[in-house]
Amino acid sequence: MTVTVNLQQEMFDAGALVNQFTRDLPEAGAVATFTGLVRSTPDKPIRALILEHHPTMAQKQIERFAQEATDRFDLLAIEVVHRFGEMQVGEPIVQVMAASHHRQSAFDGANYVMDWLKTDAPFWKKEVGPDGSYWVDARETDETAKEKWTK
Amino acid sequence: MIIRYFAWIRERLNRDQQELALPESVQTVADALDHLRATDEDFAAILPPETVFRVALDDELVELDTPLGNAKELSIFPPMTGG
Numbered sequence: 019m020t021v022t023v024n025l026q027q028e029m030f031d032a033g034a035l036v037n038q039f040t041r042d043l044p045e046a047g048a049v050a051t052f053t054g055l056v057r058s059t060p061d062k063p064i065r066a067l068i069l070e071h072h073p074t075m076a077q078k079q080i081e082r083f084a085q086e087a088t089d090r091f092d093l094l095a096i097e098v099v100h101r102f103g104e105m106q107v108g109e110p111i112v113q114v115m116a117a118s119h120h121r122q123s124a125f126d127g128a129n130y131v132m133d134w135l136k137t138d139a140p141f142w143k144k145e146v147g148p149d150g151s152y153w154v155d156a157r158e159t160d161e162t163a164k165e166k167w168t169k
Numbered sequence: 665m666i667i668r669y670f671a672w673i674r675e676r677l678n679r680d681q682q683e684l685a686l687p688e689s690v691q692t693v694a695d696a697l698d699h700l701r702a703t704d705e706d707f708a709a710i711l712p713p714e715t716v717f718r719v720a721l722d723d724e725l726v727e728l729d730t731p732l733g734n735a736k737e738l739s740i741f742p743p744m745t746g747g
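Chains as they are written, first to last, in our numbering: chain A, 19 to 169; chain B, 665 to 747.
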């Protein structure tokens, strides 16, 4: 059962991360990967995203969620990579990879970590748009998404 | 105690942290916030009680009525928007 959490400024290669993650997991029959990207849409175009974080707290919180997911869904391994600093449209922000014997626990494990991370890991997004930059408001749907895990 | 600020709260206060000697009467997070409001005009203007924000003591999310205990750091920040 390995839990790995990396917070980094550097860009990462989403596919290379998954390949590296699965390399030493002969027992794994399933890996679920979620990758969050910097998005720019026609009604809300942005040029860049700046992510501020609380380094020590972010590390601890994500490690906690990853460990909880491992215990709850019997994962073989889980790895979370979350970036901070400035990133460009299309670049990855976060990646969660959960490995297990069968698919459902891999899906659930990655989903669990993302749901908690959205509301309880200390990161704050600032979007740089054509008319200046502004802090992103928290979404109510993120708050309700995590509630399914407490039922 | 070290008070740390993040995101728009840090920007509007124009500081990322400060050191504060709290009087004995300050027992909880809410007491500390009230003390800051009473002694710091900028803080009172930017973080009135109705503001939506969250707090952590030494890297743990806590509630307003949590006792400060022996915590060294109080972090104050907006609801989180990572992922």
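Heads up, the beta-carbon is just placed ideally off N, CA and C, and yes, glycines get one too. All values reported here derive from a predicted model rather than from experimental measurement.
State the Cα-Cα distance for the pair residue i and residue j, rounded to the nearest angstrom.
| i | j | result |
| --- | --- | --- |
| P712 (chain B) | Q38 (chain A) | 48 Å |
| F150 (chain A) | P743 (chain B) | The identity of residue 150 (chain A) in the sequence shown is Gly, whereas the question assumes Phe. Taking the straight line from one Cα to the other gives about 21 Å. |
| A46 (chain A) | D698 (chain B) | 53 Å |
| V21 (chain A) | I111 (chain A) | 19 Å |
| S58 (chain A) | Q691 (chain B) | 45 Å |
| Q113 (chain A) | S689 (chain B) | 45 Å |
| A694 (chain B) | A139 (chain A) | 22 Å |
| E145 (chain A) | T137 (chain A) | 18 Å |
| D723 (chain B) | A702 (chain B) | 25 Å |
| A674 (chain B) | L700 (chain B) | The residue asked about is misnamed: residue 674 (chain B) is Arg in this sequence, not Ala. Cα to Cα, R674 (chain B) sits roughly 15 Å from L700 (chain B). |
| F670 (chain B) | A48 (chain A) | 38 Å |
| F741 (chain B) | L728 (chain B) | 13 Å |
| R668 (chain B) | Y130 (chain A) | 29 Å |
So is residue i in contact with chain B if we call contact Cβ pairs under 9 Å?
| i | result |
| --- | --- |
| L135 (chain A) | yes |
| T74 (chain A) | yes |
| G54 (chain A) | yes |
| K169 (chain A) | no |
| M132 (chain A) | yes |
Given that residue i touches chain A, what residues does it touch there, using C-beta distances under 9 Å?
| i | result |
| --- | --- |
| M665 (chain B) | What M665 (chain B) touches in chain A: nothing, since even the nearest Cβ is about 16 Å away. |
Is there at least one Cβ from chain A nearer than 9 Å to residue i's Cβ?
| i | result |
| --- | --- |
| P713 (chain B) | no |
| D723 (chain B) | yes |
| R679 (chain B) | no |
With burial defined as no fewer than 16 other Cβ atoms inside 10 Å of the residue's Cβ, what is the status of residue i: buried or exposed?
| i | result |
| --- | --- |
| Q27 (chain A) | exposed |
| K169 (chain A) | exposed |
| Q79 (chain A) | buried |
| T745 (chain B) | buried |
| I96 (chain A) | buried |
| H120 (chain A) | exposed |
| M29 (chain A) | exposed |
| G108 (chain A) | exposed |
| Y152 (chain A) | exposed |
Can you pull the chain B neighbours of residue i, defined as C-beta to C-beta under 8 Å?
| i | result |
| --- | --- |
| E109 (chain A) | Near E109 (chain A) there are no residues of chain B at all, since even the closest Cβ is about 14 Å away, more than 8 Å. |
So residue i contacts chain A; which residues on that side make the cut at Cβ distance below 7 Å?
| i | result |
| --- | --- |
| A671 (chain B) | E70, W142, W153 |
Residue i touches chain B at which residues, Cβ-Cβ below 9 Å?
| i | result |
| --- | --- |
| K78 (chain A) | D723, E724 |
May I ask you to list, following chain order, the residues of the region 136-161 of chain A that have a beta carbon less than 7 Å from some beta carbon of chain B?
K136, T137, D138, A139, P140, F141, W142, K143, W153, V154, A156
Against chain A, which members of the region 717-743 of chain B pass a CB distance test of less than 7 Å?
A720, D723, L725, S739, F741, P742, P743
Chain-ordered residues of the region 687-710 of chain B with a beta carbon less than 8 Å from chain A:
none
At a CB distance below 8 Å, what residues from the region 98-130 of chain A approach chain C? Give them in sequence order.
Of the protein chains in the structure, A and B, none is chain C.
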